[in-house]
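A.B. asks: One structure, pasted below without further comment.
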Amino acid sequence: MVGVKVISSDPDFQPELAAAGSRLAVVKFTMAGCRPCIRIAPAFNMFSNKYPQVVFLEVDVHVCQGTAAANNISATPSFLFFRNRVRVDQYQGADAAGLEEKIKQLSHFCGSRRIYFLFFSSKVAL
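Following this line, the structure appears as C-alpha cells:
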C-alpha cells in the first residue's frame, strides 16, 4: 500500500491492522489544529511513498476516541508501530529524522522471509 490510509471510525482500525499482516504498520495519532502534527504531515506522507513495504495509517484522536483511548494516546503526534496487530514500538513528537530512523530500524526487521539454498559438494545424510 502506498500512501497514508486515514482511519475514519473506530471499527475501521483493527481490520486495517489485520490487513497489514506481518508488514510493519505505522499509525500516526493526530489532532486537528495540532501544530506539530501539521509540521510532520508532509514527511509522514513522503515516508509512505518512500517505504512501500510499510503500511501507514492516520488516526484523528477526536474522530476515533475509542482507538486513541485503547492505545493510551496522551499527546499528539504519537506514532505506534505494529506487526501482526501487536504493538512493537512507539515514537512521540514531530522530529521527521527521528521518525524515519525508527521506521528504517523496524522495517528492516519486518519479518521478511528469505529462502536459503544450501549446496553440498558430496552426498549428505539428513
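Count the sequence shown with full-length UniProt numbering and you get residues 1 to 126, in order.
Note that the Cβ used here is the ideal one computed from N, Cα and C, for glycine as well.
Going along the chain, which residues of its own chain have a beta-carbon closer than 8 Å to the beta-carbon of K5, five neighbours each way excluded?
C.D. replies: E16, V55, F56, L57, E58.
A.B. asks: Report, in whole angstroms, the separation of the C-beta atoms of F81 and V26, which I expect to be a contact under 8 Å.
C.D. replies: The Cβ separation is near 6 Å, so the contact holds.
A.B. asks: Of the choices G21, D10, T30, whose alpha-carbon is the least far from that of Y91?
C.D. replies: Nearest of G21, D10, T30 to Y91, Cα basis: T30.
A.B. asks: Out of F47, I73, C64, point me to the one whose CA is closest to L24's CA.
C.D. replies: That would be F47, whose Cα lies nearest to the Cα of L24.
A.B. asks: From the DSSP output, in three-state form, read off R87 for me.
C.D. replies: In the structure shown, R87 sits in a strand (DSSP, three-state: E or B).
A.B. asks: Identify whether S78 lies in helix, strand or coil by the three-state DSSP scheme.
C.D. replies: Of the three classes helix, strand and coil, the one that applies to S78 here is strand, per DSSP.
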